[in-house]
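Input: a single structure, listed below in structure tokens.
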Amino acid sequence: MAKMSNRGPTKRFLISEMDRSVKRMLKLIEEEGDSFAKKAEIYIQKRPELVHQVEDFYRMFRSLAERYDDATCELRRTLPSDLRSQNCGMSEICSEPPSAITSPEHRFSRRLSGTHAAYFEIAAASKGFENSAYDSGSDPDDSVFNNYSASSNYGNYRRLRRKITELENELRKLQIEQEVNRSNSEIAEYEEELRIAKEKIRSSEEEICNLKTKLEKYESLQYDDDNDDDDDDDDNDDDDTCSDDAESDGNNLRRDLDPDCENVDDYMDETEPETEDEIEQLKSEREEFVMKVRELEEELSLKDDQIDELNNRLQKLHLECEKSSESIQELEKVVEKQRVMIEEGAEEKRQTERELCNSLEHYRNAYQMLRKGLLDQKKPVMAS
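Just so it is clear: in the sequence shown, position 240 is 239 by numbering that gives the first Met the number 0, and no numbers are missing.
What follows is the structure in structure tokens.
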């Protein structure tokens, strides 16, 4: 027991260091930016320092766990055999080796989807926090201080784990939102290009219609000139001139119209399928991103439910450990009472032995005096 009490200052120092380490980690995590991008940038910059803090925290926790194991072994050696047999069940609960806990760097590198593995990590860590509360000295004040420190570290660890999970989920949602926004901007650009192309095609079609109207007009004029061959020579000359002009204009219009029609048709044939394919592809990608966002939201909701369930289990384990601690304290009180009773019985036994010795000495002296008196009486009789 003296060995356990001598470790009190070192244990308190480790607990205070763990508290400061947790506060530094929470300070790193709770730094907030103006936007999701700023938060993600802060998280990426602060992650190595945070991992280093968690590694230091884990080393201190291992040290406390080893000290608790040593204290438990020492307590088992000092307890009586009957109490040790009664307390074997509770000792098995708190005797898990600290090697069952995975390293913090490996724990931070995995995704949230490893729910079962994360559960065992959190359960082991919380059990270590609760076990460290029982590494108390000879006085009850030290036990209360350690129980309070372990509960504080346990709550800080839960907040730390939850904050890291929220930051990872926000980072993933931010990346998906950026991809969706980029796809939306690309779709808008392609739709604008398609609108411009359709506008050009519409204007070209209007120009073609106008040219066709003019061509029909000139052809009708030429046909009318052919039917008026019986007019006078002056009129014929004027009509021939008009007909020649109309025919030349019509030919010029045909020459100008044919390349434009071909260019418009080629442009429509080339751009419209590609644009429609790209728009369809972007729409499908957008739908995929939307589906991914919904799946992630559902997964996040499921993870929240699982985290709540794990927290409930951890609280139950914490209550069970507190009950076990109370049982241990009650057993210690029973042991103390039995020890006091044994000491009182031993003292009564010693008092009885002293009284018996005094009585024997008294009777021995009385016997000697009586014997001497009898011998003195016999001597005169024998002399007479």
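We treat Cβ as the ideally placed atom computed from N, Cα and C, and that holds for glycine.
In this text, all values refer to a predicted model and were calculated from it rather than measured experimentally.
Just to confirm, is the Cβ distance from residue i to residue j under 7 angstroms?
i	j	result
Asp55	Ser15	no
Arg23	Ser182	no
Val179	Phe60	no
Leu49	Asn168	no
Gln189	Glu275	Note that residue 189 is Tyr in the sequence shown here, rather than Gln. Their beta carbons are not under 7 angstroms apart, which means Tyr189 does not touch Glu275 by this criterion.
Output the distance between the C-alpha atoms of residue i and residue j, rounded to the nearest integer angstrom.
i	j	result
Ile200	Glu279	21 angstroms
Glu321	Lys162	27 angstroms
Arg160	Glu185	38 angstroms
Glu296	Gln328	47 angstroms
Glu104	Ser323	Residue confidence for Glu104 is low, a pLDDT of 38 falling below 50, so the modelled location carries little weight; the figure read from the coordinates is stated next. Cα to Cα, Glu104 sits roughly 32 angstroms from Ser323.
Arg293	Leu166	18 angstroms
Gly344	Asn364	30 angstroms
Arg109	Glu73	With a pLDDT of 41 at Arg109, under the threshold of 50, the modelled position of this residue cannot be trusted, and the question is left open.
Gln52	Ala64	18 angstroms
Met368	Asn357	17 angstroms
Thr376	Glu342	Strictly speaking, residue 376 in this sequence is Gln, with Thr absent from that position. Between Gln376 and Glu342, the C-alpha separation is close to 51 angstroms.
Leu316	Ser326	15 angstroms
Lys172	Arg75	53 angstroms
Leu309	Tyr57	21 angstroms
Arg158	Gln44	20 angstroms
Tyr366	Leu374	12 angstroms
Leu170	Ala70	44 angstroms
Asp68	Ser62	10 angstroms
Ser219	Lys197	33 angstroms
Arg338	Lys332	10 angstroms
Glu346	Arg370	36 angstroms
Leu318	Arg66	23 angstroms
Leu313	Ser283	44 angstroms
Lys216	Gln177	58 angstroms
Glu352	Lys378	39 angstroms
Asn311	Lys26	26 angstroms
Glu354	Tyr362	12 angstroms
Apart from the five residues just before and just after residue i, which ones in its own chain have a Cβ nearer than 6 angstroms to its Cβ?
i	result
Met340	none
Which residues in the same chain have their Cβ closer than 8 angstroms to the Cβ of residue i, if we skip the five residues on either side of it in sequence?
i	result
Glu335	none
Ile175	Phe288, Lys291, Val292 and Leu295
Leu281	Ser182, Glu185, Ile186 and Tyr189
Arg349	none
Thr212	none
Pro47	none
Quick one: what's got a C-beta closer than 7 angstroms to residue i's C-beta in the same chain, skipping five residues either side?
i	result
Glu360	none
| Inter-stretch contact at 8 angstroms, needing at least 3 Cβ pairs: the segment 189 to 204 / the segment 295 to 311 | no
| Between the segment 268 to 277 and the segment 183 to 196, do three or more beta carbon pairs fall short of 8 angstroms? | yes
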